[in-house]
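Colleague: Residue numbers 1 to 694, in UniProt numbering, belong to the letters of the sequence shown in order.
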Amino acid sequence: MRRRRSAVALLTTLAAALPVWSTQPAAAESTSVNASVVQIVAHQDDDLLFMNPDLLNSIRSGTKTTTIYVTAGESNRKPAEPYARNRQVGVQLAYAAMAGVPCATLGPEPGESTSCWTRTEIVANGHAVEMFELPGTALTLLFLSLPENGDPAMPGQHLRDVWQDEASTEALPMGQAPLEQRKYTRDDVFDVLSNLLTRQGATLVRVQDPAPDFKLLTGLGLVEHDHQDHITTAWFADEAVRRYARSRPQVVTEHYRDYNIADGPADLDAADTRDKNHVFKEVYVPRDALLDATLQKERECRRDGDGIYLCYANRIRQRTPRLPNSVTSDRNGALHAYAVRGGRLYEWVEDYFKSWQGPYLVAGPASPLTEGLSVGRDEDGRIEVFTRNADTGEVIAHYQTVTGWAWKSLGSPNTVSAGPGSALTNDALRVSAPAVASNGDGRLQLFVRNAGGGVSSIWQTAPNGGWTAAWADMLGVNVQGTPSAMTTRDGRIELFAWTAATDPEAGPWTAPSARIGVLHWYQPAPNQPFRFDETFPQVAPTSDPAIGMDQDGRLELLYRQLDGLEPKPTDTTRSSTMSLHQLSPGGGWSPASGALGGAADQGGYGTPAAVTPGDGRMVTAVRNRGGGVSISRQDAPNGPFGGWTDLGGSMVGVPAAGVDRDGLADLVITGTNGLLYHNRQRPDGSFRGWAPMG
1 MRRRRSAVAL
11 LTTLAAALPV
21 WSTQPAAAES
31 TSVNASVVQI
41 VAHQDDDLLF
51 MNPDLLNSIR
61 SGTKTTTIYV
71 TAGESNRKPA
81 EPYARNRQVG
91 VQLAYAAMAG
101 VPCATLGPEP
111 GESTSCWTRT
121 EIVANGHAVE
131 MFELPGTALT
141 LLFLSLPENG
151 DPAMPGQHLR
161 DVWQDEASTE
171 ALPMGQAPLE
181 QRKYTRDDVF
191 DVLSNLLTRQ
201 GATLVRVQDP
211 APDFKLLTGL
221 GLVEHDHQDH
231 ITTAWFADEA
241 VRRYARSRPQ
251 VVTEHYRDYN
261 IADGPADLDA
271 ADTRDKNHVF
281 KEVYVPRDAL
291 LDATLQKERE
301 CRRDGDGIYL
311 CYANRIRQRT
321 PRLPNSVTSD
331 RNGALHAYAV
341 RGGRLYEWVE
351 DYFKSWQGPY
361 LVAGPASPLT
371 EGLSVGRDED
381 GRIEVFTRNA
391 DTGEVIAHYQ
401 TVTGWAWKSL
411 GSPNTVSAGP
421 GSALTNDALR
431 VSAPAVASNG
441 DGRLQLFVRN
451 AGGGVSSIWQ
461 TAPNGGWTAA
471 WADMLGVNVQ
481 GTPSAMTTRD
491 GRIELFAWTA
501 ATDPEAGPWT
511 APSARIGVLH
521 WYQPAPNQPF
531 RFDETFPQVA
541 PTSDPAIGMD
551 QDGRLELLYR
561 QLDGLEPKPT
571 DTTRSSTMSL
581 HQLSPGGGWS
591 PASGALGGAA
601 DQGGYGTPAA
611 VTPGDGRMVT
621 AVRNRGGGVS
631 ISRQDAPNGP
641 FGGWTDLGGS
651 MVGVPAAGVD
661 RDGLADLVIT
671 GTNGLLYHNR
681 QRPDGSFRGW
691 APMG
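1) So what does DSSP say about S576, is it helix, strand or coil?
2) Can you grab the Cα-Cα spacing for the pair G663 / G639, in whole Å?
3) Starting from D187, follow the alpha helix (DSSP H) in both directions and report where the run begins and ends.
4) Apply the 10 Å Cβ neighbour rule to T392 and answer buried if 16 or more other Cβ atoms are within range, or exposed otherwise.
5) How long is the line joining the alpha carbons of L139 and V283, rounded to whole angstroms?
6) Helix, strand or coil for R680 per DSSP?
7) For I631, which three-state DSSP category applies?
8) List the endpoints of the continuous beta strand (DSSP E) containing V101.
9) Using DSSP with H/G/I as helix, E/B as strand and the rest coil, what is N277?
10) Report the rounded CA-to-CA distance for S22 versus F386, giving the unit in angstroms.
11) In whole angstroms, what separates the C-alpha of P529 from that of E494?
12) Could you tell me the distance, in whole angstroms, from the CA atom of E534 to the CA atom of H520?
13) Between which residues of its own chain and M131 is the CB-CB distance below 6 Å, once the five residues before and five after are set aside?
14) Residues in its own chain within less than 8 Å of D275 by CB, not counting five upstream and five downstream?
15) DSSP three-state label for V162, please.
16) Identify every run of the alpha helix (DSSP H) within the segment 262-329, keeping only runs that are complete inside it and at least 4 residues long; order them along the chain.
17) Taking buried to mean at least 16 other C-beta atoms within 10 Å of its own C-beta, is R246 buried or exposed?
18) Give the secondary structure of Y399 by DSSP, where H, G and I count as helix, E and B as strand, and everything else as coil.
19) Where does P613 land, buried or exposed, given buried means 16+ other C-beta within 10 angstroms?
20) List the endpoints of the continuous beta strand (DSSP E) containing A610.
21) By how many angstroms is the C-alpha of D151 removed from the C-alpha of Q39?
22) With H, G and I counted as helix, E and B as strand and the rest as coil, what does DSSP make of A691?
23) Among G606, W235, L583 and P585, which one has its Cα closest to the Cα of P324?
24) Compare the Cα-Cα distances from V375 to each of A390, Q480 and I396 and report the closest residue.
25) Considering only C-alpha positions, which residue in the set R85, G604, L172 and T487 is nearest to S438?
26) Pick out whichever of D490, W498 and D473 has its Cα sitting closest to the Cα of N527.
27) Three or more beta-carbon pairs under 8 Å between the segment 69-76 and the segment 304-311, yes or no?
28) Pick out the complete beta strand (DSSP E) segments inside the segment 473-552, 3 residues or longer, and give them in chain order.
29) Compute the Euclidean distance between the alpha carbons of R344 and T425, then round it to the nearest angstrom.
30) Kindly indicate the opening and closing residues of the beta strand (DSSP E) around residue 726.
31) Would L172 and E74 be called neighbours here (beta carbons separated by less than 8 Å)?
32) Please state the DSSP three-state secondary structure of W21.
33) Give every residue of the same chain whose Cβ lies closer than 8 Å to the Cβ of L369, excluding the five residues on either side of it in the sequence, and list them in chain order.
34) Could you tell me the alpha carbon to alpha carbon distance between V431 and A423, rounded to whole angstroms?
35) Below 8 Å, can you find three or more Cβ-Cβ pairs linking the segment 681-690 to the segment 609-628?
36) Looking at the secondary structure, which residues open and close the alpha helix (DSSP H) in which F50 lies?
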């Protein structure tokens, strides 16, 4: 076990009088962990539709990559096994294509097997699992083949029935395993999934959406606003990860939205769209007879029918994404970074020599936390970290005390209804991660997107003190993702949230009914109630906004944007990182935004991170097409941004950034191996390269 060196011990030569801020020690961990990425999905196309291009980037990088398919995906076909086997072959061909390995189908029946994958039957916790491996690569596909929700031959034995502990079920006979190895109870599913995570040494687990937004996907007649198997598989996967994290606490998780990503604008450029479309539509779909027949009749993305499958090639959205504001400095200038791993909150701290120390476990609830967090500082300099309880949806405040860390639930703007099956009824689970900013008098204030699609807020009643008893509704409609807030030089908070909506019965987002924009609230004076800005310029983001501050105090709103609403595999739509800036500190806004660097960025998606180092030249960092980090830097203080530089890296989510005590930017990412890495700026403005933290 590594003993925790408190922040005061790290900074004694700077400020001997600081209070002792200590955290619970965490076990020392190696800084040379190999990444192992595991997807847990319900059906054979869910990974291709909802987790690409992230999946493709893992494969291209040579990372050990495994996908676990929980159901057989047999739908209502009889006999079930041939259709399920053909879907297996479809994903085998798709993964081979992503790895660049030539692969073909073999007889005696078309689609029965492939020429490139090797098949074995393994036993996990007494249960048979089909395992396919692609020689010469680090790819593995695992099939449990439990009956899916659409199978009429298995009434009362579907995945949801097993979750509710009302039944046992029997996997489809896809191999030679005896019957006793194909029977599952609820605990069996947990144990088998956890066993497979251990077998593969998972460092990153990608999971589907456990609590889909009920305001989305209203046009398909789905009672739960997603496929029942998607949701139930996410529940099983989350519990399996919790069990696995007891022995591998540094495992990280990402949750991906499913069908309802069609209810938002596209966020992938033509290059990513082309790759994703090829793997799904051109390689996988011909092996899926039902989907192939369906898509033969569809020509464009439509959200009120089967054409919805054509909406997914240019979209990807995380359910609870990581945020770029997970790094802050204490009152002596030492940087602190935070991340959720294994459902727990961890801290890394700079020492006097600017070397990162950690990780240190931060006190929190027994329930796991969601991935997104934000960091603020109390008026007296103590740090507070804000997360959400993954089981209840409550917002959690983790705050420093004289003896360590403590935590408090701040509730939710929506009713919390915990308990078995509450993911379908608990609106608090549909609240965003919190954004935080300081009022002029030092009181912290939080902002979230509520379950109704507006913005809600809660604030401290006194500097360093407690919080208001209830959340205030700031209104707003069709808000997407997490709001963004910043305190101006004169002590006022400015708040931004992006909004997107279109007629549920309409076709693609190119329809005239599509509405995309940014909502802006501001305090007219420090500590005062907010006003809504009716005159804010209309822009069209495809990501949550971020806020940067120029050297002269003007704010810049930064966001991702495509130059076309529905990129197609055959077009040239590109991604840009845009800036909309204030004309003067605290003043009005430029009438139009411009692309950083004056041109397209290096692809990718997600919220930008922005910091202004001591030289006054703002640095903006984004996730690029390869899953690494690209940066653009102002050519001069308060001036336009220069071209893009690819800093590499392989990360989960988006980069975060801080400024150290010497005025240099330090970028922080969570690696796909579960470790944190940083990339510190040199005095000449260049960056040193990625190094592990701790």
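Idealized CB from N, CA, C, for every residue including glycine. Note that this is a predicted model, so its numbers are computed, not measured.
Modeller: In brief:
1) Position 576 of the sequence shown, counted from the first residue, corresponds to residue 576. If DSSP states are grouped into helix, strand and coil, S576 belongs with the strands.
2) Within the sequence shown, the letter at position 663 stands for residue 663. Within the sequence shown, the letter at position 639 stands for residue 639. Looking at the two C-alpha atoms, the distance is approximately 19 Å.
3) Along the sequence shown, one-based indexing puts residue 187 at 187. R186 to Q200 is the extent of the alpha helix (DSSP H) around D187.
4) Position 392 of the sequence shown, counted from the first residue, corresponds to residue 392. By the neighbour-count rule (16 or more Cβ atoms within 10 Å), T392 is buried.
5) One-based indexing of the sequence shown puts residue 139 at position 139. One-based indexing of the sequence shown puts residue 283 at position 283. Cα-Cα distance, rounded: 17 Å.
6) Counting from 1 along the sequence shown, the entry for residue 680 is found at position 680. Residue state, collapsed to three classes: strand.
7) For the purposes of this step, residue 631 is taken as the residue at position 631 of the sequence shown. Residue state, collapsed to three classes: strand.
8) On the sequence shown, position 101 is the one that residue 101 refers to. From DSSP, V101 is part of no beta strand (DSSP E); its letter is neither H nor E.
9) Reading the sequence shown from its first residue, position 277 is the one you call residue 277. Helix at N277.
10) Here residue 22 corresponds to residue number 22 of the sequence shown, with the count starting at 1. Here residue 386 corresponds to residue number 386 of the sequence shown, with the count starting at 1. Low per-residue confidence applies at S22: pLDDT is 46, beneath 50, and the placement is therefore not dependable, though the value from the model is reported in the following sentence. For S22 and F386, the distance between alpha carbons rounds to 18 Å.
11) If you number the sequence shown from 1, residue 529 lands on position 529. If you number the sequence shown from 1, residue 494 lands on position 494. Whole-angstrom Cα-Cα distance: 11 Å.
12) The residue labelled residue 534 in the question sits at position 534 within the sequence shown. The residue labelled residue 520 in the question sits at position 520 within the sequence shown. Between E534 and H520, the C-alpha separation is close to 8 Å.
13) By 1-based counting over the sequence shown, the position of residue 131 is 131. Hits under 6 Å: T120, I122 and L142.
14) Reading the sequence shown from its first residue, position 275 is the one you call residue 275. For D275, where only same-chain residues beyond five positions count, the Cβ hits under 8 Å are N52, P53 and L56.
15) As a first step, residue 162 must be located in the sequence shown, where it is residue number 162. Residue state, collapsed to three classes: helix.
16) 270-277 and 289-295
17) On the sequence shown, position 246 is the one that residue 246 refers to. The residue is exposed, with fewer than 16 neighbouring Cβ atoms inside 10 Å.
18) As a working mapping, residue 399 is identified with position 399 in the sequence shown. Three-state DSSP puts Y399 in a strand.
19) In the sequence shown, counting from the first residue as 1, residue 613 sits at position 613. Buried: at least 16 other Cβ atoms inside 10 Å.
20) Position 610 of the sequence shown, counted from the start, is the residue given in the question as residue 610. Looking at the DSSP string, the run of the beta strand (DSSP E) that includes A610 is A609 to V611.
21) Indexing the sequence shown from 1 puts residue 39 at position 39. Indexing the sequence shown from 1 puts residue 151 at position 151. One C-alpha to the other measures close to 23 Å.
22) Counting from one through the sequence shown, the residue named residue 691 turns up at place 691. In the structure shown, A691 sits in a strand (DSSP, three-state: E or B).
23) The residue you call residue 324 lines up with position 324 of the sequence shown. It is G606 whose Cα lies nearest to the Cα of P324.
24) Translated into the one-based positions of the sequence shown, residue 375 becomes position 375. Ranking A390, Q480 and I396 by Cα distance to V375 puts I396 first.
25) The residue labelled residue 438 in the question sits at position 438 within the sequence shown. The candidate whose alpha carbon is nearest that of S438 is T487.
26) The sequence position of residue 527 within the sequence shown is 527, counting from 1. Among D490, W498 and D473, the Cα nearest to that of N527 is on D490.
27) no
28) 479-487, 493-501, 515-522 and 546-549
29) In the sequence shown, residue 344 corresponds to position 344, counting from 1. In the sequence shown, residue 425 corresponds to position 425, counting from 1. Each residue's Cα considered, the two are about 25 Å apart.
30) With the chain running from 1 to 694 in the structure shown, residue 726 is simply not present.
31) Residue mapping note: residue 172 aligns to position 172 of the sequence shown, counting from 1. Residue mapping note: residue 74 aligns to position 74 of the sequence shown, counting from 1. In this structure, E74 lies closer than 8 Å to L172 by Cβ.
32) In the sequence shown, counting from the first residue as 1, residue 21 sits at position 21. Bear in mind that a pLDDT of 44 at W21, under 50, signals an unreliable position, so the number given afterwards is only what the model happens to contain. Reduced to three states, the DSSP call for W21 is coil.
33) Reading the sequence shown from its first residue, position 369 is the one you call residue 369. Once the five neighbours on either side are set aside, the close Cβ partners of L369 are V340, G343, R344, L345, T387, R388, N389, A390 and I396.
34) As a working mapping, residue 431 is identified with position 431 in the sequence shown. As a working mapping, residue 423 is identified with position 423 in the sequence shown. For V431 and A423, the distance between alpha carbons rounds to 12 Å.
35) yes
36) Position 50 of the sequence shown, counted from the first residue, corresponds to residue 50. Looking at the DSSP string, the run of the alpha helix (DSSP H) that includes F50 is D46 to F50.
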